[in-house]
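Residue numbers (the working numbering), protein chains in the order written: chain Z, 20 to 490; chain C, 369 to 628.
Backbone N, C-alpha and C define an ideal beta-carbon position, used for all residues, glycine too.
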Amino acid sequence: MMTARRPEFIDALTGIVGAGQVLSDPDCLEAYGHDEFSLKDIRRSPDLAVRPRTAAEVAAVLKLANEHGVPVTPRGGATGLCGGCVPAAGGIVLSLERMKGIVIDPANQMAEAEAGVTLIEFEKAVDEAGFNFPPHPGEESAMIGGMIVTNAGGSRAVKYGVIRNYVRGLEVVTAAGDILNLGGKLIKSSTGYSLMHLFIGSEGTLGVVTKAVIQLRAKPALTRSLVIPFETLDAAVETVPEIFRRDIVPLALEFVPLDVIRLTEAHLQRTWPSHDGETHLFVILDAASEDEMDRLSESVAEAALERGALDVFIADTAAKQDNVLAIRSRMYEALKAETIEILDVCVPRAEIPGHVKRVSEIAAKYGVWLPTFGHAGDGNVHTHLMKARYENGRFVPVPEAEWRAALEPVRAEIYADGMARGGVISGEHGIGLVKKPYLAMSLSPAQVELMRGIKRVFDPRGILNPGKIFD
Amino acid sequence: MNMIVFVKRVPDTESRIRIQRETSTVIEEGLNFVISPNDEYAVEEGLRLREAQGGKVTAVSLGGDEALTILRKCLAMGADEALLIKDDRKETYDGLRVARILAAAVRTRFADADLLLFGRLSVGADNAQVPAMTAELLGWPQATVVTRLAIEGRAGTAHREIEGAVEKVVFTLPAVVAAQKGLNEPRYETLKGIMAAKKKTIPAVAPAELGLTAEDIAPRVEVLSLETPPAKTGGRLLGGTPEEAARELVRLLRDEAKVV
Ligand SMILES: Cc1cc2nc3c(=O)[nH]c(=O)nc-3n(C[C@H](O)[C@H](O)[C@H](O)COP(=O)(O)OP(=O)(O)OC[C@H]3O[C@@H](n4cnc5c(N)ncnc54)[C@H](O)[C@@H]3O)c2cc1C
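So, in structure tokens, the structure goes:
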């Protein structure tokens, strides 16, 4: 019998985390065997799931697992899109779901949050304390720990950066069960290597994050959303550098195709301000005063109209802003039933038009539908690989054999184009299991070898999230 | 068709309202102001009727100079003209006073109006009095809480949202209609609209110019006090085993909440 399922091992774990917090019933375990990646191919139930409450419990679990060589896969909100928290090698899934403490320190304008605090819980606490936290992956059940180890971004990254820019301190547990306190409530530190930054983006392969110190911002006084329809994709994305040239950094700057807008409208029973053109820019501005806001909006509008925008629609009341934001942020939900995978290529901003054009050529070449939209402001393009086409306002399913045959070559060609433009295969979702075969397109063998060496330092027996990022 | 849409400037529905206790007023500092959402449905309905049948839409607001921004928004949405009735009094919560001023404005400035469009109520004051009172003062038919409106020739049909049912009323023009959420989906302002609106001037009139005396416009409602609702207290988590928690819950429901 596998060590993990031996009664003595289960008893020892129960001794650490308490009765009811070690799950071994296959029906319960199934829920711990997947994330938001759609294909069942990669699913795998763990042998056990444990739900510790404290860092000390996490440490004791890891120490025990390490002694017995049992794999441990940390799990946050399981909103990941590349199978990161799937226990590919079996063993234990260590779920942070019960670690929910939040303390806000207004004097330092920082929050201390345990790994299992969800984004929605965190934003609520931060908002109530009068502050703001910009990073925002689109799925609000993501957890602080998961967000940090995937270096999550979201659409506000263009102005305020990804989560790495906000993490000031981390409490992490290494494979051997040591608790490390890295960084702190500090803006600066030139004190040795920054181990903390190694953990950001480590996808659970170096240690388990149990707590984080997070920098907060003041709330923006005013926000306003603009919806700008263009006749062509090119005109839309070519407007982006024009906006930055005017020294304007929008809070968010997204491009979306009209067909995706339409199907999301139908899905949500909501209406987008305009159905003109083919591609729309969705811009969110923040400013301290009405005058400043007017100046910014006029300047963005001017840049857009010079590039052939059909008009500029303005949402400035809370209700209208919520409406357009709901449609933009729930596009995934509208596509989800027919989505195989969401790619996450990030290219230099100026390469977006070229890359997106190439994606449409690839779509034509393989006869597939590749709805593509994303963060025009920061070069992060989300191409959706679909198992349906969209014709006359409805999904038309593609036979499985057909979409499976196209999957590999379509991915590979899109990645090849992204890399040729100086991009990376993941801008914000991580590598996990699903993108692992393509890592070599982004990183040289020497870089991957250095990463392996780092992994061995923190996790010599290789128990932490084995099989992720690289083998 | 000649349509007058009455709009009011109110705090954004998502603002956190703070109160100045001494003066029983809402503290305006830090608030974001918008067209009252129901009024926006009225503007949209006017614009749609004009687009379908021709005519003219004039937006009218009673208020201080701050109200010019929302009138400009109405112009940006597509209203043909706007008028500010200058009122230096802050919120009086006196619906009859407002109705008297608006009715006077209609008699003196818009005697040829076919349709007066209002929002069902202005958020904030929440009185829902002005449309009905204005209709009454003018002796015109009225339909309030309207979620569907059709005008054909001189006849109007409106669907009113009433408790548990929809009431269908017919009326003849001129008439007063008060819009309810659901009537339409207001359009977004466009930059082109805003640019065009900037070129228009918005005239202002004082109540005296509408033939009203000081007594006519004196408020007859006095606000004695204004309070924010009590803060919601957080929920309580019951710990222990499920059995213990259930026992404790029953005890609390019986002894504290006294509901079982
Ligand atoms: C609709 C939708 C929209 C999205 N939009 C965005 C977006 O705009 N931007 C963006 O960046 N992402 C986005 N994502 C992806 C996803 O939400 C993020 O990757 C998120 O940061 C993952 O957090 P999680 O808690 O769900 O992590 P999980 O999926 O649970 O885990 C992700 C990885 O982190 C590891 N892990 C989790 N917790 C810990 C911990 N405490 N210690 C160590 N390792 C841990 C796991 O082992 C796994 O490798 C989106 C996802 C969805 C479904």
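Could you name the residues of chain C that residue i contacts, counting a contact when the two beta carbons are closer than 8 Å?
{"i": "V331 (chain Z)", "result": "T558, L559, K560"}
{"i": "A148 (chain Z)", "result": "Neighbours of A148 (chain Z) on chain C: none; closest Cβ ~14 Å, over 8 Å."}
{"i": "A320 (chain Z)", "result": "L559"}
Going by DSSP in three states, residue i sits in which element: helix, strand or coil?
{"i": "I385 (chain C)", "result": "coil"}
{"i": "P45 (chain Z)", "result": "helix"}
{"i": "S445 (chain Z)", "result": "strand"}
{"i": "C365 (chain Z)", "result": "strand"}
{"i": "R457 (chain C)", "result": "coil"}
{"i": "Y185 (chain Z)", "result": "coil"}
{"i": "R70 (chain Z)", "result": "coil"}
{"i": "N406 (chain C)", "result": "helix"}
{"i": "E612 (chain C)", "result": "helix"}
{"i": "Q510 (chain C)", "result": "strand"}
{"i": "I549 (chain C)", "result": "Checking the sequence shown, residue 549 (chain C) turns out to be Lys, not Ile. Here K549 (chain C) sits in coil by DSSP."}
{"i": "K376 (chain C)", "result": "coil"}
{"i": "F152 (chain Z)", "result": "coil"}
{"i": "G173 (chain Z)", "result": "strand"}
{"i": "A431 (chain Z)", "result": "helix"}
{"i": "M166 (chain Z)", "result": "helix"}
{"i": "M118 (chain Z)", "result": "coil"}
{"i": "R94 (chain Z)", "result": "strand"}
{"i": "D341 (chain Z)", "result": "helix"}
{"i": "H294 (chain Z)", "result": "coil"}
{"i": "F274 (chain Z)", "result": "strand"}
{"i": "E583 (chain C)", "result": "coil"}
{"i": "L617 (chain C)", "result": "helix"}
{"i": "A526 (chain C)", "result": "strand"}
{"i": "F489 (chain Z)", "result": "coil"}
{"i": "P465 (chain Z)", "result": "First, the amino acid is wrong: residue 465 (chain Z) is Ala here, not Pro. Correct three-state label for A465 (chain Z): helix."}
{"i": "A471 (chain C)", "result": "helix"}
{"i": "D305 (chain Z)", "result": "strand"}
So residue i contacts chain C; which residues on that side make the cut at Cβ distance below 7 Å?
{"i": "F292 (chain Z)", "result": "In the sequence as presented, Phe is not what sits at residue 292 (chain Z); that position holds Pro. Near P292 (chain Z) (Cβ distances below 7 Å), the residues of chain C are Y556."}
Name the chain Z residues whose beta carbon is nearer than 7 Å to that of residue i?
{"i": "R380 (chain C)", "result": "The displayed chain sequence assigns Asp, not Arg, to residue 380 (chain C). Ordered by position in chain Z, the residues that pass the 7 Å Cβ test against D380 (chain C) are T336, A337."}
{"i": "E612 (chain C)", "result": "Near E612 (chain C) there are no residues of chain Z at all, since even the closest Cβ is about 13 Å away, more than 7 Å."}
{"i": "V402 (chain C)", "result": "T336"}
For a contact meaning CB atoms closer than 9 Å, what does residue i contact in chain Z?
{"i": "P405 (chain C)", "result": "T336, A338"}
Just the chain Z side, please: which residues come within less than 8 Å of residue i by C-beta, in chain order?
{"i": "E553 (chain C)", "result": "T290"}
Kindly list the residues whose CB is nearer than 6 Å to the CB of residue i, restricted to its own chain and excluding five residues on each side of it in sequence; keep chain order.
{"i": "R386 (chain C)", "result": "I395"}
{"i": "N484 (chain Z)", "result": "T92, G223, T224"}
{"i": "L32 (chain Z)", "result": "V41, V69"}
{"i": "D335 (chain Z)", "result": "R243"}
{"i": "K454 (chain C)", "result": "A572, A574"}
{"i": "E158 (chain Z)", "result": "T98"}
Of all the CB atoms in chain D, is at least one closer than 8 Å to the CB of residue i?
{"i": "A255 (chain Z)", "result": "The chain inventory of the structure shown lacks chain D, comprising the protein chains Z and C."}
Can you list, in chain order, the residues of its chain whose CB lies under 7 Å from that of residue i, leaving out five sequence neighbours each side?
{"i": "K432 (chain Z)", "result": "It should be noted that the sequence gives Glu, not Lys, for residue 432 (chain Z). These residues qualify, in order along the chain: I381."}
{"i": "A425 (chain Z)", "result": "Y385, V387"}
{"i": "M501 (chain C)", "result": "G463, L464, A467"}
{"i": "T381 (chain C)", "result": "P405, V491"}
{"i": "E76 (chain Z)", "result": "I35, V36"}
{"i": "T283 (chain Z)", "result": "I346, R349, M350, A353"}
Can we count residue i as close to ligand 2, meaning its CB is less than 7 Å from some heavy atom?
{"i": "K568 (chain C)", "result": "The model on display carries ligand 1 but not ligand 2."}
Exercise. Would you call the segment 310-330 of chain Z and the segment 359-376 of chain Z in contact, with 3 or more CB pairs under 8 Å?
Worked result: The segment 310-330 of chain Z is not in contact with the segment 359-376 of chain Z.
Exercise. Can at least three beta-carbon pairs, one atom from the segment 441-460 of chain C and one from the segment 558-567 of chain C, be found at a separation below 8 Å?
Worked result: Because the criterion of three Cβ pairs below 8 Å is met, the segment 441-460 of chain C and the segment 558-567 of chain C touch.
Problem set entry | Inter-stretch contact (C-beta, 8 Å, three-pair minimum) for the segment 214-228 of chain Z and the segment 291-301 of chain Z | Result no; under three Cβ-Cβ pairs closer than 8 Å.
Problem set entry | beta strand (DSSP E) runs wholly inside the segment 354-421 of chain Z, at least 3 long, in chain order | Counting only runs of 3 or more, we get 358-361, 391-394, 399-405, 407-410, 413-416.
Exercise. Of all the alpha helix (DSSP H) runs that stay within the bounds of the segment 211-259 of chain Z, which reach a length of 4 or more residues?
Worked result: You should have 214-218.
Exercise. Of all the beta strand (DSSP E) runs that stay within the bounds of the segment 424-453 of chain C, which reach a length of 3 or more residues?
Worked result: Annotation note: the segment 424-453 of chain C contains the following uninterrupted beta strand (DSSP E) runs of length 3 or greater, listed N- to C-terminal: 424-431.
Exercise. Taking contact to mean at least 3 C-beta pairs separated by less than 8 Å, is the segment 161-173 of chain Z in contact with the segment 197-206 of chain Z?
Worked result: With contact defined as three or more Cβ pairs closer than 8 Å, the segment 161-173 of chain Z and the segment 197-206 of chain Z are not in contact.
Exercise. Is it true that the segment 147-155 of chain Z meets the segment 228-238 of chain Z, where meeting means three or more beta-carbon pairs spaced less than 8 Å apart?
Worked result: The count of Cβ pairs closer than 8 Å, one atom from the segment 147-155 of chain Z and one from the segment 228-238 of chain Z, reaches three, so the stretches are in contact.
For this session: Determine contact between the segment 444-458 of chain Z and the segment 88-107 of chain Z, defined as no fewer than three beta-carbon pairs at a distance below 8 Å.
Result: Below 8 Å, enough C-beta pairs join the segment 444-458 of chain Z and the segment 88-107 of chain Z to call them touching: three or more.
Problem set entry | contact_flag[the segment 453-460 of chain Z, the segment 364-381 of chain Z] where n(CB pairs < 8 Å) is 3 or more | Counting Cβ pairs under 8 Å, fewer than three are found: no touch.
Problem set entry | the segment 567-577 of chain C in contact with the segment 533-543 of chain C per 3-pair CB rule at 8 Å | Three or more beta-carbon pairs separated by less than 8 Å are not found between the segment 567-577 of chain C and the segment 533-543 of chain C, which leaves the two stretches without contact.
Problem set entry | Given 8 Å, three or more beta-carbon pairs between the segment 410-425 of chain C and the segment 480-494 of chain C | Flag = yes, the segment 410-425 of chain C and the segment 480-494 of chain C touch.
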